[in-house]
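Take a look at the structure below.
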Amino acid sequence: MSCVAMSNFAKFVKLFRENPYAAASLVKAFLRGSVNILYYKCVNPRVVIKQPFFVYEKFEVSGPGRVCIDANCSIFPSVFRGVSIITLTPQAEVRIGNYCSFGGMMIRCQREVEIGDRAMAGYSLIQDTLFTEDLNLCENNYGQNAQTDSGVKIGKNVWIGAHSCILQNTRIGDDSVISLGAVCRNMEVKDYHLASGNPCRHSLPIARIVQYRGASK
Amino acid sequence: MKELLARLRGKVFQLKCRLAKNEIRIGNGLRIYKRLILHGNGTLIIGENCTIGGIKGDREQYVSLDTLNRDARIEIGRNVKLYAVRLSCRYSIKIGDNVHIEETGIMDTDFHSIERERSEPLNENKANCEIKIGNNVKIGARSIVAKGVKIGDAAVIGPGSVVIRSIPSSSLALGNPAKVVER
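Order-wise, the sequence lines are chains U and F. Per the working numbering, the very first residue in the first sequence carries number 332; after that it's consecutive. Per the working numbering, the very first residue in the second sequence carries number 21; after that it's consecutive.
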């Protein structure tokens, strides 16, 4: 444990020597994250965030549901926005793994949203209902079924591009990429695949794309 | 408490419009949860029991209703709920009753022509540019409705879609361009 802490401290000293401004902003983000953790511990005990948590831009959680964020997550600015997580019902559950970095993301959760470790996201929307302002609309509507619909599950090391929407009944495998402006709904993206398009229908294996381009050896 | 405040703001807004601008008619029971911005000097008609508010989790966005010239006409029916909707109207936009719209841009003009001068668009007139949205329509977040679109009664437009062609009644449309997925 102390060895890991020492190595982190050594990394910080190296960063301070190379770029003192970045080191200062890192310290500021760490302090801001600690303040956030304390605030949610006092105000809303259903929100659990682990240390260390780096907040560079506004971070906001609201709603009656449960939110768990693992250690070493960081929140960056994008399109003048931070991250906001909204749970619409008391049953809703948002789980985020460790070493995630988000910028300008919005999560509106009615059922369940799970994001794995080391995920990256730009200015995107994760929403497991079609309409969020009125929950009565979600019960009986076209393309929605209150009994069979499930939430969003995102695997490890996934990169989510900007301006993309991930809607209900979506599973995204490990190491895959959601491209810019893609809208996923009712689909499964396998491991190490690229999903694109609005609406997104098929996903392409990234290994084959790299092969066609001649980038791999 | 929040609703009482919203009703009070709606009442104040209605009185202000009655005194200052006679081209704006607003029905009773308007609730304003977040600020409402009006631009231009066109006609604006809002029916009874409408709700105007921001979207959850985004403090920057609000409802703005723009009329670009004197002939522009925005008609909004009864029991309409607008959350962070941006309307910009040059000809006419009609929204029916019991409509629910979230975080959407609706515009009935292209603003510029595609030639190099970027002048006023040439082949636009009221007949091919007006937007009609029927009763009981629901439009999801981050979608766009372009000029000349007619959306039928009880249609549902999913989040993130770009509507450039007319959508028939009681159907679900998704994507860019929006296509009918289920009927």
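Quick reminder that beta carbons are idealized off the backbone N, C-alpha and C, glycines included.
- In this structure, residue 171 (chain F) lies away from residue 184 (chain F), with their beta-carbon atoms at least 9 Å apart.
- If you ignore the 5 residues before and after residue 535 (chain U), its C-beta comes within less than 7 Å of the C-beta of 524, 525, all in its own chain and listed in chain order.
- Using a Cβ distance threshold of 9 Å, residue 173 (chain F) and residue 154 (chain F) count as a contacting pair.
- Within the same chain, and ignoring the five residues on either side of residue 166 (chain F) in sequence, the residues whose Cβ sits closer than 6 Å to its Cβ are 184.
- Among the residues of chain F, those whose CB is under 8 Å from the CB of residue 437 (chain U) are 77, 78, following chain order.
- The beta carbon of residue 103 (chain F) sits closer than 9 Å to some beta carbon of chain U.
- Residue 417 (chain U) and residue 137 (chain F) have their C-alpha atoms some 45 Å from each other.
- Nearest C-alpha to residue 394 (chain U) among U:383, U:433, U:464, U:431: U:464.
- By the neighbour-count criterion, in which a residue is buried when 16 or more other Cβ atoms sit within 10 angstroms of its Cβ, residue 529 (chain U) is buried.
- Excluding sequence positions up to five before and after residue 71 (chain F), its CB lies within less than 6 Å of the CB of 51, 101, all in the same chain and listed in chain order.
- Between residue 164 (chain F) and residue 114 (chain F), the C-beta gap is not smaller than 9 Å, which leaves the two residues out of contact.
- Close to chain U, meaning a Cβ-Cβ distance shorter than 8 Å, are the following residues of the stretch 152-180 of chain F: 158, 160, 161, 162, 176, 178, 179, 180.
- Taken in chain order, the whole beta strand (DSSP E) runs of length 3 or more contained in the stretch 111-186 of chain F are 112-115, 120-122, 124-127, 151-153, 163-165.
- Short of 6 Å from the beta carbon of residue 401 (chain U), and not among the five residues preceding or following it, lie these beta carbons of its own chain, in chain order: 381, 428, 429.
- If you draw a straight line from the Cα of residue 440 (chain U) to the Cα of residue 497 (chain U), it is about 11 Å long.
- Runs of the beta strand (DSSP E) lying entirely within the stretch 55-94 of chain F and spanning at least 3 residues, in chain order: 56-59, 63-66, 71-73, 83-87.
- Leaving aside the five residues that flank residue 58 (chain F) on each side, the residues in its chain whose CB is nearer than 6 Å to its CB run, in chain order, 85.
- When CB distances to chain U are screened at a threshold of 9 Å, the residues of the stretch 108-130 of chain F falling below it are 120, 122, in chain order.
- Annotation: residue 415 (chain U) is outside any alpha helix (DSSP H); the continuous beta strand (DSSP E) that includes it extends over 414-418.
- Spatial neighbours of residue 484 (chain U) in its own chain (CB-CB distance under 6 Å, excluding positions within 5 residues in sequence) are listed in chain order as 445, 502.
- In the DSSP assignment, residue 437 (chain U) forms a beta bridge with U:415, U:456.
- The CB of residue 417 (chain U) comes closer than 8 Å to the CB of 76, 77 in chain F, given here in chain order.
- The C-beta of residue 352 (chain U) has fewer than 16 other C-beta atoms within 10 Å across all chains shown, which makes the residue exposed.
- For residue 390 (chain U), the enclosing beta strand (DSSP E) has its first and last residue at 390-393.
- Between residue 77 (chain F) and residue 54 (chain F) a beta carbon distance of about 13 Å is seen, past the 8 Å cut, so the two are scored as non-contacting.
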